[in-house]
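Below is one structure, written out as structure tokens; the observations come after it.
Residue numbers (our numbering), protein chains in the order written: chain A, 9 to 123; chain B, 4 to 118.
So, in structure tokens, the structure goes:
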């Protein structure tokens, strides 16, 4: 049973053409994260939502935006993708408190190619 | 800011052997969690084991155990009776406790289990 679902699994876009990646969760977690993982590198946090509060990392480019319309869904928007934005994008969720607090559960990722 | 260092880019062992992956970290926090995540090829990141910093007892999960040395800021993962399915990228990760911060990952260790 998939608990963090990312769509699509593979996305191809053209240089400069806006693209949106989707993440949904069935865990009812209050925090949702987006990470960028380039080939053979560690995931790097872009931003996260704690409930409705958006928290951007200081070095996340302005080209990256996010929306969280409700608890279950979170979107990553790339306004003008460049070749350097080709990567795997990972969505993760967690609950802050409780026995399993701070454990992050990951989706399978969306691999973005920019042509 | 915290850092996580994995000094072994790749390791290879025979099936059924025991292998230890190294991780060191640096932080000024007292309340934090450490994790080992497994990322199989083209598959999603899954939690292997979690250690709470305030607990002296080392965490264990079946064949997986950690050696947590808080003073030395060391957090190694031991895999006993290794199996072919253990072949994956292993990431050591840190998160500050009590909030919704994202994970800080090491660069990963590519573990290959040979038949």
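C-beta: ideal position from N, C-alpha, C; glycine also. All values derive from a computational prediction rather than experimental measurement.
Would you call residue 50(A) buried or exposed, if buried means 16 or more other Cβ atoms sit within 10 Å of its Cβ? Reading the first chain from its first residue, position 42 is the one you call residue 50(A). By the neighbour-count rule (16 or more Cβ atoms within 10 Å), residue 50(A) is buried.
Which residues, in chain order, does the stretch 44-69 of chain B contribute to contact with chain A at a C-beta distance below 8 Å? Of all residues in the stretch 44-69 of chain B, the ones placed with a Cβ closer than 8 Å to any Cβ belonging to chain A are 46, 47, 48, 49, 50 and 53, in chain order.
Three-way DSSP call (helix, strand, coil) for residue 91(A) in this model: Numbered from 1 along the first chain, position 83 holds the residue referred to as residue 91(A). Of the three classes helix, strand and coil, the one that applies to residue 91(A) here is helix, per DSSP.
Are there 16 or more other CB atoms within 10 angstroms of the CB of residue 31(B), so buried, or fewer, so exposed? Counting from one through the second chain, the residue named residue 31(B) turns up at place 28. Under this definition residue 31(B) is an exposed residue.
Would residue 91(B) pass as a contact of residue 17(B) if the rule is Cβ separation under 7 Å? Against the second chain, residue 91(B) aligns to sequence position 88. Against the second chain, residue 17(B) aligns to sequence position 14. It is not a contact, given that the beta carbons lie outside the stated cut-off.
Check residue 87(B) in the structure and name its three-state DSSP category. Numbered from its first residue, the second chain carries residue 87(B) at position 84. Residue 87(B) sits in a helix when the DSSP states are folded into three classes.
Backbone CA spacing between residue 117(A) and residue 89(B) [nearest angstrom]: Within the first chain, numbered from 1, the residue matching residue 117(A) stands at position 109. Within the second chain, numbered from 1, the residue matching residue 89(B) stands at position 86. Their backbone Cα atoms lie some 20 Å apart in a straight line.
Please report the distance separating the alpha-carbon of residue 76(B) from that of residue 37(B). In the second chain, residue 76(B) corresponds to position 73, counting from 1. In the second chain, residue 37(B) corresponds to position 34, counting from 1. Taking the straight line joining both Cα atoms gives about 11 Å.
Count the other CB atoms within 10 Å of the CB of residue 91(A); is the residue buried (16 or more) or exposed (fewer)? Reading the first chain from its first residue, position 83 is the one you call residue 91(A). So residue 91(A) ends up on the exposed side.
Closest by CA to residue 113(A), which one among 46(A), 60(A) and 34(A)? Along the first chain, read from residue 1 onward, the residue named residue 113(A) stands at position 105. Out of 46(A), 60(A) and 34(A), the CA that lies nearest to the CA of residue 113(A) is found in 34(A).
For residue 41(B), three-class secondary structure by DSSP: Counted from its first residue, the second chain places residue 41(B) at position 38. If DSSP states are grouped into helix, strand and coil, residue 41(B) belongs with the strands.
Assuming the contact rule is C-beta atoms closer than 8 Å, residue 113(B) and residue 20(B) should be a hit. Round their C-beta distance to whole Å, please. Along the second chain, read from residue 1 onward, the residue named residue 113(B) stands at position 110. Along the second chain, read from residue 1 onward, the residue named residue 20(B) stands at position 17. 16 Å between Cβ atoms; not a contact.
Kindly identify the DSSP beta-bridge partner or partners of residue 75(A). Working through the first chain from its first residue, we reach residue 75(A) at position 67. In the DSSP assignment, residue 75(A) forms a beta bridge with 83(A).
Check the C-beta distance from residue 62(A) over to residue 74(A) and give it rounded, since I have them as a contact under 8 Å. Position 54 of the first chain, counted from the first residue, corresponds to residue 62(A). Position 66 of the first chain, counted from the first residue, corresponds to residue 74(A). Taking 8 Å as the upper bound for CB-CB distance, residue 62(A) and residue 74(A) are in contact here, some 7 Å apart.
Can you confirm whether the stretch 83-101 of chain A touches the stretch 62-82 of chain B when touching is taken to mean that 3 or more C-beta pairs between the two stretches lie within less than 8 Å? The stretch 62-82 of chain B makes no contact with the stretch 83-101 of chain A, as fewer than three CB pairs between them are under 8 Å.
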